[in-house]
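The numbering of the sequence shown is the numbering used here, which starts it at 2 and goes up by one. Glycine included, every Cβ here is placed at the ideal spot set by N, Cα and C. Note that the structure is predicted; figures quoted are calculated from it, not measured. First comes the structure, then the notes that go with it.
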Amino acid sequence: MDHARVRLGSSAVEVTRLGFGAGPIGNLFAAVAEADAAAAVDAAWRCGLRFFDTAPLYGHGLSERRLGEALRAHPRDELVVATKVGRLLVPDDGPPPDDGFVASPPLRPVFDFSYDATLRSLDASLERLGLDRVDVLHVHDPDDHAEDALRGAFPALRRLRAQRVVRAIGAGMNQSALLARFVREAEIDCVLLAGRYTLLEQSALADLLPLCVERGVSVIAGGVFNSGLLADPSPRATYNYHPAPPELVERARRLAAICARHDVDLKAAALRFPLAHPAVACVLTGARSAAEVEENARLFATPIPLALWDDLRGAAVLGDDTPTPGAASELYA
2 MDHARVRLGS
12 SAVEVTRLGF
22 GAGPIGNLFA
32 AVAEADAAAA
42 VDAAWRCGLR
52 FFDTAPLYGH
62 GLSERRLGEA
72 LRAHPRDELV
82 VATKVGRLLV
92 PDDGPPPDDG
102 FVASPPLRPV
112 FDFSYDATLR
122 SLDASLERLG
132 LDRVDVLHVH
142 DPDDHAEDAL
152 RGAFPALRRL
162 RAQRVVRAIG
172 AGMNQSALLA
182 RFVREAEIDC
192 VLLAGRYTLL
202 EQSALADLLP
212 LCVERGVSVI
222 AGGVFNSGLL
232 ADPSPRATYN
242 YHPAPPELVE
252 RARRLAAICA
262 RHDVDLKAAA
272 LRFPLAHPAV
282 ACVLTGARSA
292 AEVEENARLF
302 ATPIPLALWD
312 DLRGAAVLGD
322 DTPTPGAASE
332 LYA
């Protein structure tokens with residue numbers, strides 16, 4: 002895979018165009034063995050990925066610990082590590098929360114977007130990661146806490162950036178409207194947008210992406226398979242971590258049929274599509290095994306004929322104003 006990097010906003014942080022999402026190695030939906038988690042991170046390194054994203058929520062600290070342990074075998078200065086704030090992990094011996102993570106430590110994530118909690122959250126993350134710094138720090142899922150985040154978490158992140166404790170700051174969410182507000186008001190370098198700019202749906206074109214181009218803020222595209230629907234467009238597929246609505250399953254099947262006519266895997270098209278927009282710096286994909294990482298890297302490098310994108314427009318599954326990839330060399334420029 003091409004090792005070229007692109008800068009996040011006006012920061013000095015440069016990321017590979019394909020990154021590793023460490024949510025699955027935090028036992029998302031199913032337990033992952035320690036050895037398999039380590040092998041997934043090692044495979045990412047071998048495949049040329051140098052951007053690794055995690056969060057305290059993922060496995061209630063398990064993802065950060067596993068990621069940190071696996072990354073110790075690799076040169077720190079060649080890696081970009083991102084984590085998040087907004088949830089503190091507090092001891093809890095009660096029933097585990099229903100947040101998708103299984104076999105987690107007896108810790109409960111509690112929302113707290115205050116200034117002090119943000120600093121404490123980063124300290125705890127660094128301890129779990131076994132690192133003295135992270136490169137990118139996001140405010141995580143402040144959907145119902147926007148004012149708290151603007152008063153507390155974001156000022157803390159700006160202070161950490163000014164002190165060079167972190168090199169870039171942002172916000173990670175599953176919606177674009179509030180991210181657009183943060184771009185306007187929070188002086189951030191990047192946003193992590195999950196699921197709202199994909200081959201299946203491009204709602205972020207209406208607000209967030211043009212604003213990011215205007216303000217010089219980079220978009221990290223996550224959830225590019227829409228929780229699995231673009232990986233397996235079947236009636237049992239999930240979308241936004243819930244059973245996929247029939248109309249979206251049908252839309253995904255139309256996309257898959259058009260890709261098949263060009264001998265292109267739907268997943269390959271889904272991985273490459275977001276990078277055509279000038280705001281999008283990189284794509285994040287989660288993986289729970291070395292095999293999944295290797296498959297994603299192979300699909301990401303698959304040549305895609307320009308005619309495929311023309312056919313997707315002609316079938317009205319992509320709008321006329323939706324940017325689509327050009328030649329492979331343009332993607333890595």
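P247: not part of any beta strand (DSSP E); member of the alpha helix (DSSP H) spanning 247-262, first to last residue. V81 and D136 have their C-alpha atoms spaced approximately 6 Å apart. A straight-line Cα-Cα distance of about 4 Å links G223 and A195. Considering only E15, F52, T17, E65, the residue with the shortest C-alpha distance to N28 is E65. Rounded to the nearest angstrom, the gap between the Cα atoms of A245 and R165 is 43 Å. Contact annotation: A253 and P234 have beta-carbon atoms nearer than 8 Å. Here the alpha carbon of L120 sits roughly 8 Å from the alpha carbon of V86. The alpha-carbon separation between P25 and V214 amounts to approximately 31 Å. Its chain contains L201, A238, T239, Y240, A245, L249, V250, A253 as the residues whose beta carbon lies nearer than 8 Å to that of L230, once the 5 sequence neighbours on both sides are disregarded; these appear in chain order.
Counting the other Cβ atoms within 10 Å of the Cβ of F30 gives fewer than 16, which makes it exposed. V220 and D43 have their C-alpha atoms some 25 Å from each other. Contact annotation: G69 and G131 have beta-carbon atoms nearer than 8 Å.
In this structure, DSSP gives L120 a helical state, which the three-state scheme calls helix.
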